[in-house]
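Just so we're aligned: 80 in my numbering is position 79 of the sequence shown, and the numbers increase by one with no gaps anywhere. Backbone N, C-alpha and C fix where the C-beta goes; we use that ideal spot for every residue, glycine too. Being a predicted model, the structure only gives us computed values, none of them experimental. Okay, so here's the structure we're looking at.
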Amino acid sequence: LSTLCGLPRPAFLEGRSFAPLFVDPDQPWKDAVFSWRRPMYHDLAKGYHEACSMRTERYRFTIYWNEAGGEVFLELFDHTDDCYATRNLALDPGNRGLVDALRTQLMAGWRGE
């Protein structure tokens, strides 16, 4: 937004400007977007310390960690085949390879690699 407004970029910003997409919206862009959260006062189940999610064109993959950094729970939803995210594919042992690949992508993206 600062780029589009012609303002200097604040030092605390992460990522890159999406301004080029206004010139060419069909150009290749990010493979995924990332989000992070901690439980809020209104969460019913506060069995985790923090969570990190990655949304690709097809999947949303989330890892929930405890305070020691151990994985508490995984979520994997295929938004192509399950647009309402009702089936957690991470619970199916047959998806272990996909889960491992998405975990690697999430952790690399989260670290900015």
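Under the three-state reduction of DSSP output, Trp111 falls in the helix class. If you draw a 10 Å sphere on the C-beta of Tyr85, you find fewer than 16 other C-beta atoms in it, and that means exposed. Residue Ser3 holds the alpha-carbon nearest to the alpha-carbon of Arg17 among Ser3, Asp27 and Asp25.
Non-local C-beta neighbours of Asp79 in its own chain, meaning closer than 7 Å and more than five positions away in sequence, comprise Arg59, Tyr60 and Leu90, ordered along the chain. When C-alpha distances from Ser54 are compared across Arg38, Arg97, Ala20 and Gly48, the shortest belongs to Arg38. Here Leu103 carries a helix assignment [DSSP, helix/strand/coil]. Burial of Thr63 is indicated by the presence of at least 16 other C-beta atoms within 10 angstroms of its C-beta. DSSP places Phe78 in the strand class (E or B) of the three-state scheme.
Approximately 6 Å separates the beta-carbon atoms of Ala33 and Gly110; this is inside 8 Å, confirming the contact.
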